[in-house]
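Asker: The numbering used here applies: residue 6 is where the sequence shown begins, and numbers increase by one.
C-beta: ideal position from N, C-alpha, C; glycine also.
Computed from a predicted structure; not experimentally measured.
First the structure, which I've put down as structure tokens, then a few questions once you've had a look.
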Amino acid sequence: MIVDPAILKRIRGCPFARGGCVRVRFRANGDSLFARRSREPLARLRLTGNGDEVVLLYPSHRGGWGALGDFGASAMSLDEALQCLSDNPYFLELRQTCG
6 MIVDPAILKR
16 IRGCPFARGG
26 CVRVRFRANG
36 DSLFARRSRE
46 PLARLRLTGN
56 GDEVVLLYPS
66 HRGGWGALGD
76 FGASAMSLDE
86 ALQCLSDNPY
96 FLELRQTCG
């Protein structure tokens with residue numbers, strides 16, 4: 006898959022990304038979000054190939070990306086994933102401290 010400019014625009018339009026605190030990179034079927042200052046990985050939105058459905062992944066303590074919870078990764082709309090990130094206290098704090 007190639008990068009979809011519309012999806013990239015929606016990600017960059019989110020409250021947590023608007024202040025320039027988050028860098029978005031498209032790699033291997035999805036968008037990875039990194040903290041701009043520390044360059045730490047924050048989250049990954051892996052495309053499923055079904056419309057704007059993504060799987061929301063977080064950095065794993067074992068390296069790479071992993072799903073939260075006991076049931077593994079589940080697909081959701083891009084809007085749902087972005088809402089999850091926007092509601093996450095870490096992303097709210099990141100937005101307030103960056104800028």
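1) If you drop the 5 nearest sequence neighbours on each side, which residues of the same chain put their C-beta closer than 7 Å to that of Gly5?
2) From the DSSP output, in three-state form, read off Leu11 for me.
3) Who are the near neighbours of Leu47 in its chain, counting only those whose CB is closer than 7 Å to its CB and skipping five residues on each side?
4) For Ser79, which of Ser43, Arg44 and Arg51 has the nearest alpha-carbon?
5) I need the DSSP call for Ser91, collapsed to helix, strand or coil.
6) Quick one: grab the DSSP three-state call for Glu45.
7) Are Leu73 and Asp36 close, meaning C-beta to C-beta below 8 Å?
8) How many Å lie between Met81 and Ser43 at the Cα?
9) For Arg30, name the three-state secondary structure that DSSP assigns.
Answerer: A quick look at the data gives this:
1) An answer regarding residue 5 cannot be provided, because it is not within the stretch 6 to 104 covered by the chain.
2) To locate residue 11, count along the sequence shown from 1; it is residue 6. Residue identity differs from the one stated: residue 11 is Ala in this sequence, not Leu. Three-state DSSP puts Ala11 in a helix.
3) In the sequence shown, counting from the first residue as 1, residue 47 sits at position 42. If we look at Leu47 and ignore the five residues flanking it on each side, its Cβ neighbours are Val27, Leu38, Phe39 and Ala40.
4) Your numbering for residue 79 matches position 74 in the sequence shown. Comparing Cα positions, the closest option is Arg51.
5) Here the question's residue 91 lines up with position 86 in the sequence shown. Looking at Ser91 - three-state DSSP - the assignment turns out to be helix.
6) Start at 1 with the first residue of the sequence shown, and residue 45 comes out as number 40. Reduced to three states, the DSSP call for Glu45 is coil.
7) Your numbering for residue 73 matches position 68 in the sequence shown. Your numbering for residue 36 matches position 31 in the sequence shown. For Leu73 and Asp36, no; Cβs fall outside 8 Å.
8) Counting from one through the sequence shown, the residue named residue 81 turns up at place 76. Counting from one through the sequence shown, the residue named residue 43 turns up at place 38. Going by the C-alpha atoms only, they are around 28 Å apart.
9) Stepping through the sequence shown from its first residue, residue 30 is reached at position 25. In the three-state DSSP reduction, Arg30 falls in the strand class (E or B).
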